[in-house]
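Asks:
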Amino acid sequence: MEDLIEIRWHGRGGQGAKTASLLLADAAFNTGKYIQGFPEYGPERMGAPITAYNRISSKPITIHSNIYEPDYVVVVDDTLLESVPVTAGLKSSGAIVINTTKSADYLKKVLKGYDGGIYTIDARKVSMETLGKYFPNTPMLAAIVKVSKIMSDEEFINDMKGSFKHKFAKKPEVIDGNMKALEMALKEVNKIQ
Amino acid sequence: MSIRERLSGNEAAATAMKQINPDVVAAFPITPSTEIPQYFSTFVDNGLVDTEFVAVESEHSAMSACIGAEAAGARAMTATSANGLSLMWEMIYIASSLRLPIVLSLVNRAVSGPLNIHNDHSDAMGVRDAGWIMLFSENNQEAYDNTLMAHRIAENENVLLPIMICQDGFITSHSIENIELEEDSEVKKFVGEYHPKHYLLNDKEPIAVGPLDVQSYLFEHKAQQAEAMKAAKDVILQVSKEFEEWTGRHYGLFEEYKLDDAEIAIVCMNSTAGTTKAVIDDLRNQGVKAGLLKLRVYRPFPGEEVANALSHLKAVAVLDKADSLNAAGGALFEDVTSSMYVAKKQVPIVNYIYGIGGRDTTSKEITTVYNDLQEIVNTGKIDNPYRYLGLRREEK
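Protein sequence lines, in the order shown, are assigned to chains R and Z.
For what it's worth, my numbering labels the leading residue of the first sequence as 39, then goes sequentially.
For what it's worth, my numbering labels the leading residue of the second sequence as 12, then goes sequentially.
As structure tokens, this is what we get:
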């Protein structure tokens, strides 16, 4: 792993991008890393574009600013692709992971020639099949772990069991569905050639 | 043995309060400090503390309740931000002049208006002359550690002043980061029990608190407050030393980061100091002798020590996260420059107002400050000592 990995999340208020960034921080913390997980607070309301961030490093992190040149970008909602500059500053050595069923041609066009890795996942399908409801953040969390290789699939799955037990202490009935969503999402990530 | 955890700055402050287990917490919610009393109220409900939690109807009442509790002989804490602190303002002065060692967690936010809920230091700067000890915290760890040290400092009989622990709203208060926590029992041992010498509920010694103080007394009482503030400096160092013996984490009046052999340096407080450290590491790799003085203790202001620590530099930039709107520089700049003048240390110093209303301060911007300082060293000229960092300007 690089000394410092920086990730930017784009989602809409209510889709759980902030929660996903905090869960990713949690999972990386559990593998012994130094972490930051923080949202950019604006005038937030349901449906408005929101941004969240992660820094993950093997060394202590002192920097306290937003992330302008991320290694990875996660797009939780593909309707943002035409309205938010999601690839701004994104390193070509990195990758973007998008929740979408749109065609490769469309994605290449809206990503304005971004020449790093482009990955897609149908988080709606994963979420509906495993949770019966649309919660895109859990599949997207698995997708970014898969693409960034911050930790192995196995380490990730084991960590998340513990995190979900803590997070869903008051509604344990959703833990199984969320674990299934993670496992399925790890297999559903596609790289666009 | 420290416990490896990950917490937001607000969680860190609330956790310290839980471990301190004060007699009274009185608070009113305001962004971005709301989570602190929110978390604390769950500790109360879950029986993790035996604190009397007073859900007051305003911040004025929150500080009033803390004053009442401390005067009665109890340990009282509260948390607030920005306009919440503004509403406390009257009682902030009462608390310090009655010599009540209240502990306040201040999650720094811009004071309205126009309305803004994001971080700057205008709330803290508005009470800088109110007689409170003020400690600033770079991250969640320092917010936690400073809170654990707060009562030992404030309750010392040579001090007996209220204390506020500052951290940056959202930037650290809502960011999850690694932190080392201490065991509950160890915290309890370090903080100790509070046995005030004089208090209202002592039936063996009836006293009055806060009576009329006329022309023949107020001046002397103010001088005593000033004496206590001076005495606080040594007490802070002593408590910090004991804290280091316990946890291994070192704290002084300020932190010097690669300052010893530096030629140019930034002076700032809270989270921007962390970003500055990352920039310094980069610049050092390029051979630039950059350094940082991160102020921890803002009140009492360690003027002599700051002046000495900066005296060898070729140029210094003081970063103020609040504009004093006085045409003469920010508060920290004024404190630093007047200290340098009094100590007869002549170093070129410039002031930058930055990060107002939550404007993000980037590594690139901090780098430009060091570039500016290099230019001052090279040319020996300062065109304008009062500058902005990160201000959007109209294209010419």
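By construction, the Cβ of each residue, glycine as well, lies at the ideal position given by its N, Cα and C atoms.
These numbers were taken from a predicted model, which means no experiment stands behind them.
For Z/E68, which option in Z/N57, Z/G84, Z/P40 has the closest C-alpha, if you only look at C-alpha atoms?
Replies: Measuring from the Cα of Z/E68, the nearest candidate turns out to be Z/P40.
Asks: R/T100 CB to nearest chain Z CB: under 7 Å?
Replies: yes
Asks: For the stretch 53 to 71 of chain R, list every residue whose C-beta sits within 8 Å of some C-beta in chain Z, in sequence order.
Replies: Cβ contacts with chain Z come from L60, A63, D64, F67.
Asks: Can you check which of these residues, R/K129, R/I99, R/K97, R/A86, is closest to R/E107 by C-alpha distance?
Replies: R/K129
Asks: State the DSSP-derived secondary structure class of Z/T378, mapped to helix, strand or coil.
Replies: helix
Asks: Could you give the distance in angstroms between the alpha-carbon of R/S186 and the alpha-carbon of R/L179?
Replies: As the crow flies, the alpha-carbon of R/S186 is around 11 Å from that of R/L179.
Asks: With a threshold of 7 Å between beta carbons, is R/S186 in contact with chain Z?
Replies: Interface flag for R/S186 against chain Z is unset, since no Cβ pair is found closer than 7 Å.
Asks: So, R/N228 versus R/T57, is the Cβ gap smaller than 7 Å?
Replies: In this structure, R/T57 does not lie closer than 7 Å to R/N228 by Cβ.
Asks: Check the Cβ of R/S190 against every Cβ in chain Z and list those closer than 9 Å, keeping chain order.
Replies: Ordered by position in chain Z, no residue passes the 9 Å Cβ test against R/S190, which lies about 20 Å from the chain.
Asks: Measuring only the C-alpha atoms, how far is R/K225 from Z/A161?
Replies: 51 Å
Asks: The alpha helix (DSSP H) spanning Z/M351 covers which residue range?
Replies: 342 to 353
Asks: Buried or exposed, going by whether 16 or more other CB atoms sit within 10 Å of the CB of Z/G203?
Replies: exposed
Asks: Start and end of the beta strand (DSSP E) containing Z/Y268?
Replies: 265 to 268 is the extent of the beta strand (DSSP E) around Z/Y268.
Asks: For a test of your reading of the model: does the CB of Z/S19 fall under 6 Å from any non-hydrogen atom of the ligand NAP? Yes or no.
Replies: In the structure shown, the ligand NAP is absent, as is every other ligand, since no ligand is present at all.
Asks: Just checking my contact of R/V113 with R/L119 at CB under 8 Å: how many whole Å lie between their CB atoms?
Replies: 7 Å
Asks: Is there a Cβ of chain R sitting closer than 7 Å to that of Z/I164, yes or no?
Replies: no
Asks: In the DSSP assignment, find the alpha helix (DSSP H) that holds R/R162 and state where it starts and stops.
Replies: 161 to 169
Asks: Any contact of the stretch 227 to 239 of chain Z with the stretch 248 to 261 of chain Z, i.e. 3+ C-beta pairs under 8 Å?
Replies: no
Asks: At which residues does the alpha helix (DSSP H) containing Z/E253 begin and terminate?
Replies: Counting along the chain, the unbroken alpha helix (DSSP H) around Z/E253 starts and ends at 229 to 258.
Asks: Would Z/S282 and Z/A318 qualify as a contact pair, given that the criterion is a beta-carbon distance under 7 Å?
Replies: no
Asks: Are the stretch 144 to 164 of chain Z and the stretch 107 to 116 of chain Z in contact at 8 Å, needing three or more beta carbon pairs?
Replies: Counting Cβ pairs under 8 Å, three or more are found: they touch.
Asks: Give me the subset of the stretch 174 to 193 of chain Z whose CB atoms are less than 8 Å from a CB atom of chain R, sorted by chain position.
Replies: Hits within the stretch, in order: D179, F181, I182, T183, H185, S186, I187, E188, N189.
Asks: Quick one: give me the first and last residue of the beta strand (DSSP E) that Z/A326 is part of.
Replies: 326 to 331
Asks: Are there 16 or more other CB atoms within 10 angstroms of the CB of Z/G473, so buried, or fewer, so exposed?
Replies: Any property of residue 473 of chain Z remains undetermined from this structure, which presents chain Z solely from 12 to 407.
Asks: Can you give me the start and stop residues for the alpha helix (DSSP H) that Z/M28 sits inside?
Replies: 20 to 31
Asks: Since Z/G314 is in the alpha helix (DSSP H), which residue starts that stretch and which ends it?
Replies: From DSSP, the alpha helix (DSSP H) with Z/G314 extends over 314 to 321.
Asks: If you reduce the DSSP assignment to three classes, tell me which class R/D143 lands in.
Replies: Reduced to three states, the DSSP call for R/D143 is helix.
Asks: Of the choices Z/Y352, Z/P207, Z/I176, whose alpha-carbon is the least far from that of Z/P110?
Replies: Here the sequence assigns Arg to residue 110 of chain Z, which means Pro is not the residue at that position. Checking every option, the nearest Cα to that of Z/R110 belongs to Z/P207.
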